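Under my numbering, the residues of the sequence shown are numbered 6 to 261, in order.
Every residue, glycine too, gets a C-beta built ideally from N, C-alpha and C.
None of these values were measured; they are calculated from a predicted model.
Below: the structure, in structure tokens.
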Amino acid sequence: MVQQLIPARHHDAGTALTDEQLLSLYDPGASPLVRFNFVCSADGAATTSGRSGGLGTPADQRLFALMRRPADVILVGAGTIRAEGYAGELIDAGAQAWRRKRGMPAHPGIAVVSGSLELDPRSAFFAEAPVPVVVFTTAAADPGRRQALERVADVVTAGDEDVDPRQVIARLAERGHRMVHSEGGPSLFAAFQRADAVDSLCLSISPLLAGGAGMRIASGFTSDLQPVELSLLLEEEGALFTEYRRHRPGHAPGSA
Ligand SMILES: NC(=O)c1ccc[n+]([C@@H]2O[C@H](COP(=O)([O-])OP(=O)(O)OC[C@H]3O[C@@H](n4cnc5c(N)ncnc54)[C@H](OP(=O)(O)O)[C@@H]3O)[C@@H](O)[C@H]2O)c1
6 MVQQLIPARH
16 HDAGTALTDE
26 QLLSLYDPGA
36 SPLVRFNFVC
46 SADGAATTSG
56 RSGGLGTPAD
66 QRLFALMRRP
76 ADVILVGAGT
86 IRAEGYAGEL
96 IDAGAQAWRR
106 KRGMPAHPGI
116 AVVSGSLELD
126 PRSAFFAEAP
136 VPVVVFTTAA
146 ADPGRRQALE
156 RVADVVTAGD
166 EDVDPRQVIA
176 RLAERGHRMV
186 HSEGGPSLFA
196 AFQRADAVDS
206 LCLSISPLLA
216 GGAGMRIASG
226 FTSDLQPVEL
236 SLLLEEEGAL
246 FTEYRRHRPG
256 HAPGSA
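Written as structure tokens, this is what we have:
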């Protein structure tokens with residue numbers, strides 16, 4: 006049973022949270038928002054045997070799916086696509102109906118960030134995507150790989166040597182994608198942190214010790230410590246589900 010700890014529940018504490026209640030707790034709100042969702046072990050590992058799957062509890066899997074529902078676009082780094090094998094519809098029929106009822110397209114957009122463009126244009130990720138995939142890359146990307154991907158995806162330059170998160174947010178906003186839901190991974194998250202472009206971090210902490218070899222949820226150099234506020238804390242069978250919100254005085258969330 007998923008329990009709500011923060012914000013405190015007064016009326017029906019002790020009863021299980023429904024999907025609608027969970028969706029309301031994770032409601033991104035009306036302003037543009039860049040949200041990252043990760044799972045880690047109690048000792049901070051974001052991967053076990055090179056993937057994140059073994060770390061998630063059943064409640065994490067439920068929340069992972071629910072959090073996709075209000076997304077305008079699901080944004081993922083190329084490393085996560087290569088490791089986790091994304092393909093096909095990313096939300097189920099119930100979620101599609103939920104979106105249609107709210108006047109949203111049945112499927113969220115799908116976007117991937119890759120400097121190398123080492124992505125197979127014949128892969129199921131492109132072939133089975135329910136909407137055309139947007140690939141964010143750099144001006145320095147290999148022209149041959151770019152040409153091959155342009156046959157199956159919308160390839161967008163968003164930086165010279167590295168993909169610039171602020172350009173990604175701006176290009177997505179031009180497509181009407183204001184709620185950017187990112188499922189990582191650690192390099193992409195670090196790039197967005199460096200650009201101070203993370204508004205929300207939803208982190209599941211599983212009651213597991215994974216040992217020393219796993220990655221953290223952010224990799225690479227980050228310049229400053231960025232204060233965040235714990236806005237949500239749920240618990241189920243020892244697993245914690247948090248949302249941390251970044252507050253920047255005088256700066257609208259998700260704005261480029
Ligand atoms: N625990 C979790 O919740 C969770 C979530 C997601 C992923 N993971 C795990 O994380 C691991 C993958 O880590 P990762 O750091 O490689 O994942 P990633 O951030 O998804 O992918 C990194 C790749 O994305 C591209 N990229 C990211 N930022 C870029 C930028 N600013 N400019 C240009 N390209 C950029 C590059 O692609 P190119 O190499 O193509 O240039 C880079 O190599 C996997 O084991 C996966 O299972 C865990």
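Just to confirm, does residue i get its C-beta within under 6 Å of one of the non-hydrogen atoms of ligand 1?
i: residue 65; result: no
i: residue 165; result: no
i: residue 62; result: no
i: residue 85; result: yes
i: residue 120; result: yes
i: residue 155; result: no
i: residue 217; result: no
i: residue 123; result: yes
i: residue 88; result: yes
i: residue 193; result: yes
i: residue 162; result: no
i: residue 139; result: no
i: residue 203; result: no
i: residue 196; result: yes
i: residue 20; result: no
i: residue 51; result: yes
i: residue 189; result: yes
i: residue 55; result: yes
i: residue 41; result: no
i: residue 211; result: no
i: residue 243; result: no
i: residue 168; result: yes
i: residue 44; result: yes
Anyone know if the C-beta pair for residue i and residue j falls short of 7 Å?
i: residue 145; j: residue 123; result: no
i: residue 157; j: residue 131; result: yes
i: residue 142; j: residue 119; result: yes
i: residue 246; j: residue 68; result: yes
i: residue 170; j: residue 194; result: no
i: residue 155; j: residue 92; result: no
i: residue 271; j: residue 205; result: Lying outside 6 to 261, the shown extent of the chain, residue 271 is not represented and no answer is given.
i: residue 39; j: residue 65; result: no
i: residue 191; j: residue 51; result: yes
i: residue 62; j: residue 244; result: yes
i: residue 60; j: residue 211; result: yes
i: residue 85; j: residue 189; result: yes
i: residue 108; j: residue 182; result: no
What are the residues that DSSP puts in a beta bridge with residue i?
i: residue 159; result: 139
i: residue 186; result: 40 and 79
i: residue 241; result: 244
i: residue 205; result: 40 and 250
i: residue 7; result: DSSP, once it has assigned bridges, lists no residue as partnering residue 7.
i: residue 114; result: 78
i: residue 234; result: 250
With distances taken Cα to Cα, identify the nearest neighbour of residue i among the options.
i: residue 187; options: 173, 41 and 33; result: 41
i: residue 227; options: 239, 206 and 201; result: 201
i: residue 220; options: 29, 19, 57 and 33; result: 57
i: residue 112; options: 209, 100 and 121; result: 100
i: residue 236; options: 32, 76, 178 and 23; result: 32
i: residue 25; options: 71, 62 and 55; result: 71
i: residue 30; options: 103, 88, 14 and 171; result: 14
i: residue 233; options: 248, 243 and 97; result: 248
i: residue 75; options: 207, 224, 184 and 209; result: 184
i: residue 138; options: 199, 94, 107 and 244; result: 94
i: residue 230; options: 203, 126 and 108; result: 203
i: residue 117; options: 62, 103 and 173; result: 173
i: residue 87; options: 105, 55 and 96; result: 55
i: residue 90; options: 106, 163, 125 and 98; result: 125
i: residue 110; options: 168, 49 and 180; result: 180
i: residue 239; options: 207, 168 and 153; result: 207
i: residue 37; options: 209, 177 and 241; result: 177
Margin query: For the region 144-160 against the region 67-86, do three or more pairs of beta-carbon atoms, one drawn from each stretch, fall closer than 8 Å, so that the two count as touching?
Written below: no
Note to self: With three or more beta-carbon pairs closer than 8 Å as the criterion, would you say the region 7-16 touches the region 216-227?
What the structure shows: no
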